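Q: Quick one: the structure is below, and I'll ask about it shortly.
2 protein chains.
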Amino acid sequence: MRKRSTGKDNVPSAASDAPPNKNSFQRNEILQSAAALFAQKGFGATKLHEVAGAVGLSRTAFYYYFPSKDELLTALVEESTFTLQRRLTDVAQRTDIAPPDMLRTIVADYGGWILNHPTEFRFVSRTENELPPAMAATHNRAKRQLLDSFIGVVRQGIDQGYFKVADARIAALSVIGMCNWSAWWFRPTGALSAAEVSGTLVEYAMRMVQAETRPRSKRERVRMEVESLRESIARLEGLLASES
Amino acid sequence: MRKRSTGKDNVPSAASDAPPNKNSFQRNEILQSAAALFAQKGFGATKLHEVAGAVGLSRTAFYYYFPSKDELLTALVEESTFTLQRRLTDVAQRTDIAPPDMLRTIVADYGGWILNHPTEFRFVSRTENELPPAMAATHNRAKRQLLDSFIGVVRQGIDQGYFKVADARIAALSVIGMCNWSAWWFRPTGALSAAEVSGTLVEYAMRMVQAETRPRSKRERVRMEVESLRESIARLEGLLASES
DNA sequence: GGACAATTTGACGTATCTGTCAAATTTTCG
DNA sequence: CGAAAATTTGACAGATACGTCAAATTGTCC
Numbered sequence: 575m576r577k578r579s580t581g582k583d584n585v586p587s588a589a590s591d592a593p594p595n596k597n598s599f600q601r602n603e604i605l606q607s608a609a610a611l612f613a614q615k616g617f618g619a620t621k622l623h624e625v626a627g628a629v630g631l632s633r634t635a636f637y638y639y640f641p642s643k644d645e646l647l648t649a650l651v652e653e654s655t656f657t658l659q660r661r662l663t664d665v666a667q668r669t670d671i672a673p674p675d676m677l678r679t680i681v682a683d684y685g686g687w688i689l690n691h692p693t694e695f696r697f698v699s700r701t702e703n704e705l706p707p708a709m710a711a712t713h714n715r716a717k718r719q720l721l722d723s724f725i726g727v728v729r730q731g732i733d734q735g736y737f738k739v740a741d742a743r744i745a746a747l748s749v750i751g752m753c754n755w756s757a758w759w760f761r762p763t764g765a766l767s768a769a770e771v772s773g774t775l776v777e778y779a780m781r782m783v784q785a786e787t788r789p790r791s792k793r794e795r796v797r798m799e800v801e802s803l804r805e806s807i808a809r810l811e812g813l814l815a816s817e818s
Numbered sequence: 575m576r577k578r579s580t581g582k583d584n585v586p587s588a589a590s591d592a593p594p595n596k597n598s599f600q601r602n603e604i605l606q607s608a609a610a611l612f613a614q615k616g617f618g619a620t621k622l623h624e625v626a627g628a629v630g631l632s633r634t635a636f637y638y639y640f641p642s643k644d645e646l647l648t649a650l651v652e653e654s655t656f657t658l659q660r661r662l663t664d665v666a667q668r669t670d671i672a673p674p675d676m677l678r679t680i681v682a683d684y685g686g687w688i689l690n691h692p693t694e695f696r697f698v699s700r701t702e703n704e705l706p707p708a709m710a711a712t713h714n715r716a717k718r719q720l721l722d723s724f725i726g727v728v729r730q731g732i733d734q735g736y737f738k739v740a741d742a743r744i745a746a747l748s749v750i751g752m753c754n755w756s757a758w759w760f761r762p763t764g765a766l767s768a769a770e771v772s773g774t775l776v777e778y779a780m781r782m783v784q785a786e787t788r789p790r791s792k793r794e795r796v797r798m799e800v801e802s803l804r805e806s807i808a809r810l811e812g813l814l815a816s817e818s
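So the sequences go chain by chain: A and B.
Residue numbering for the first sequence follows my numbering, starting at 575 and increasing by one per position.
Residue numbering for the second sequence follows my numbering, starting at 575 and increasing by one per position.
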């Protein structure tokens, strides 16, 4: 019964042997269930016995894997938020791409991540007002960065004559909102895959800013033509279906 | 949490004189503060002393206006949800308007309501998973009706040749999501008014479905799509030829 | 001022939740 | 098998939350 109570053993550094509870199967099960429960009912409203019960454990067994409920929250936030944050800032830093392709890339990446991690996204959205101050600060900073990235792309597109938008901020928020909300309705088991929905979101984002089709590279032209073909075929299928 | 109270006066019947607490100023203050707190932290995570403290009351004074925390929730849900529900179903029932105007109207109405009641909307969205079963059922029914209304308008627009959209459901969800998310970023004190933002949302919704002012016949649309396909293939052939 | 109702409060009881700890049980491995 | 480690459990303590109630305070009207 080595509890290693005093030592902060939850640092992400790769201590190989000492930490008694790390990367355990049950630990990951708890994290996953907790994310779903927190996403559904919120952090404060979710009781520990629910978390434990969801993975078939007694409430006290939980404390073998996490020192406290707050530590569970921090572990969850670190796991979920950091990946999202990194992904966002990475994409937005590039300046070598023209605004239309840039918007396409950023929406596909952001929306794609949400569609592939709807539970995590809902968890973060739901618990962002209950986070401890330090984490709330970094989270808000990341959100602001994300918004600024979108606004920057839209503004560049306007300035360079690609987009026709009156207010870059409203347009960015509308695109972001469209993507965000997909976490509340998308189900991977549905008729459309995450990649297909992501492509649709990209298409709608481009329509929102009325991006002009001034293709740049050959590769990009091919991609656009293929996308256009796909859309045409889908529309034709729809027309054909409504025929009978 | 549901405990049976003794024969108190918590019947919602409109007895004009007997109920000692109804339509009081403090009662409305409590409702308003509670909506904001529930929207921010969720129902289960918000403690009663916070609600009472937000309006300058002691915790026990709260029980003079509401028999229990659950009754506060139900009162809040009834007040917030019913107005939203009625508004939605009213607009969507009309069939005398052409799809483009219909979409304009429905988005302006729905988005406008959200922009004018962001706190209520966030409250409903946040607590919808903590509602008592009966209320959850009606709420889900209303949500489904709303979605069906949007889908119906989009589908009509497609069939009548106004809109160019591959999947009516995804388009409807995207428009709804764009509107919904405004509750999380819009502030009435900002540079743009609710009416202005609402107009922008309408504009973006119309762009999303690529609404055209004049409908085209189905036969004509098929011809156009085929022509579009032919052109795409020709362009792709050209790109392929110049590749080698 | 005084009677009466409206409103607020402090003390109390109960239920629930978090977290601790020693003991019990299971698993691992020599 | 048997010992040590890993894992789980039940009992317990402290804190907090909800709700009740009688008493106290405030406001109103004559």
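The beta-carbon is built from N, C-alpha and C at its ideal position, and this holds for glycine as well.
None of these values were measured; they are calculated from a predicted model.
Can you tell me where the alpha helix (DSSP H) with residue 786(B) in it begins and where it stops?
A: As a position in the second sequence, residue 786(B) is number 212, starting the count at 1. Element bounds for residue 786(B): n/a, residue is neither H nor E.
Q: Is the shortest distance between the beta-carbon of residue 761(A) and the beta-carbons of chain B less than 8 Å?
A: Numbered from 1 along the first sequence, position 187 holds the residue referred to as residue 761(A). No, no contact with chain B.
Q: So what's residue 623(A) in DSSP terms, helix, strand or just coil?
A: Taking the first sequence and counting its residues from 1, one reaches residue 623(A) at position 49. Looking at residue 623(A) - three-state DSSP - the assignment turns out to be helix.
Q: Got a sec? Which residues, its chain only, sit under 6 Å from residue 676(A) by beta carbon, not counting five neighbours each side?
A: Position 102 of the first sequence, counted from the start, is the residue given in the question as residue 676(A). Closer than 6 Å at Cβ, skipping near neighbours: 727.
Q: Looking at chain A, which residues of the segment 788-805 of chain B have a Cβ within less than 8 Å of any of its Cβ atoms?
A: Within the segment 788-805 of chain B, the residues whose Cβ lies closer than 8 Å to some Cβ of chain A are 792, 795, 796, 799, 800, 802 and 803, listed in chain order.
Q: Can you tell me whether residue 670(A) is buried or exposed, with buried defined as 16 or more other CB within 10 angstroms of its CB?
A: Locating residue 670(A) in the first sequence gives position 96, where the first residue counts as 1. It is exposed - the Cβ of residue 670(A) has fewer than 16 other Cβ atoms within 10 Å.
Q: What does the Cβ neighbour count give for residue 604(B), buried or exposed, with the cut at 16 atoms within 10 Å?
A: To locate residue 604(B), count along the second sequence from 1; it is residue 30. Under this definition residue 604(B) is a buried residue.
Q: Quick check on DSSP: helix, strand or coil for residue 706(B)?
A: Start at 1 with the first residue of the second sequence, and residue 706(B) comes out as number 132. Correct three-state label for residue 706(B): coil.
Q: Work out the CA separation of residue 756(A) and residue 747(B) for me, nearest whole Å.
A: One-based indexing of the second sequence puts residue 747(B) at position 173. One-based indexing of the first sequence puts residue 756(A) at position 182. Approximately 8 Å between the Cα atoms of the pair.
Q: Exposed or buried, residue 706(A), counting other C-beta atoms within 10 Å across all chains shown (16 or more means buried)?
A: If you number the first sequence from 1, residue 706(A) lands on position 132. Answer is exposed; the Cβ neighbour count stays below 16.
Q: Which complete alpha helix (DSSP H) runs does the segment 702-781 of chain A hold, if anything under 4 residues is left out?
A: If we require 4 residues or more, the alpha helix (DSSP H) runs fully inside the segment 702-781 of chain A come out as 707-733 and 742-759.
Q: Round the Cβ separation of residue 776(B) and residue 744(A) to the nearest angstrom and send it over; I've been treating them as touching at under 8 Å.
A: As a first step, residue 776(B) must be located in the second sequence, where it is residue number 202. As a first step, residue 744(A) must be located in the first sequence, where it is residue number 170. Actually they are not in contact, since the Cβ atoms of residue 776(B) and residue 744(A) sit about 12 Å apart, beyond 8 Å.
Q: What's the gap between the Cα of residue 648(A) and the Cα of residue 686(B)?
A: Within the first sequence, the letter at position 74 stands for residue 648(A). Within the second sequence, the letter at position 112 stands for residue 686(B). In a straight line, the C-alpha of residue 648(A) is about 37 Å away from that of residue 686(B).
Q: Would you call the segment 690-706 of chain A and the segment 640-654 of chain A in contact, with 3 or more CB pairs under 8 Å?
A: Flag = yes, the segment 690-706 of chain A and the segment 640-654 of chain A touch.
Q: Which value, in whole angstroms, describes the spacing of the CA atoms of residue 780(B) and residue 805(B)?
A: Taking the first residue of the second sequence as position 1, residue 780(B) is located at position 206. Taking the first residue of the second sequence as position 1, residue 805(B) is located at position 231. Approximately 26 Å, taken between the alpha carbons.
Q: Mark residue 800(A) as exposed unless 16 or more other C-beta atoms lie within 10 angstroms of its C-beta, in which case mark it buried.
A: On the first sequence, position 226 is the one that residue 800(A) refers to. Classification for residue 800(A): exposed.
Q: What's the C-alpha gap between residue 639(A) and residue 762(A)?
A: What you label residue 639(A) is simply residue 65 of the first sequence in a count that begins at 1. What you label residue 762(A) is simply residue 188 of the first sequence in a count that begins at 1. When rounded, the distance between both Cα atoms is 30 Å.
Q: Within its chain, find whatever has a CB closer than 8 Å to the CB of residue 609(A); leave out the 5 residues flanking it on each side and keep chain order.
A: Looking up residue 609(A) in the first sequence gives position 35. Excluding sequence neighbours, residue 609(A) sits near 650, 654, 693, 694 and 697.
Q: Rounded to the nearest angstrom, how far is the Cβ of residue 724(A) from that of residue 680(A), given a contact under 8 Å?
A: Numbered from 1 along the first sequence, position 150 holds the residue referred to as residue 724(A). Numbered from 1 along the first sequence, position 106 holds the residue referred to as residue 680(A). The pair is a contact, with the Cβ atoms about 7 Å apart (cut-off 8 Å).
Q: With the cut-off set at 8 Å, would you say residue 731(B) and residue 674(B) are in Cβ contact?
A: Sequence index remark: in the second sequence, residue 731(B) carries index 157 (1-based). Sequence index remark: in the second sequence, residue 674(B) carries index 100 (1-based). Yes, the Cβ-Cβ distance between residue 731(B) and residue 674(B) is below 8 Å.
Q: Between the Cα of residue 631(A) and those of 614(A), 607(A), 615(A) and 616(A), spot the shortest distance and give me the residue it belongs to.
A: Your numbering for residue 631(A) matches position 57 in the first sequence. With distances taken between Cα atoms, residue 631(A) lies closest to 607(A).
Q: Just verifying my parser: in three-state terms, what is the DSSP assignment at residue 618(A)?
A: For the purposes of this step, residue 618(A) is taken as residue 44 along the first sequence, with counting starting at 1. Residue state, collapsed to three classes: coil.
Q: Let me make sure I understand the geometry here. Which of 700(A), 765(A) and 659(A) has the alpha-carbon closest to that of residue 720(A)?
A: Within the first sequence, the letter at position 146 stands for residue 720(A). Nearest option by C-alpha distance: 659(A).
Q: To which residues of the same chain is residue 784(A) closer than 8 Å at the C-beta, ignoring the five residues directly before and after it?
A: The residue given as residue 784(A) occupies position 210 in the first sequence. Once the five neighbours on either side are set aside, the close Cβ partners of residue 784(A) are 737, 738 and 739.
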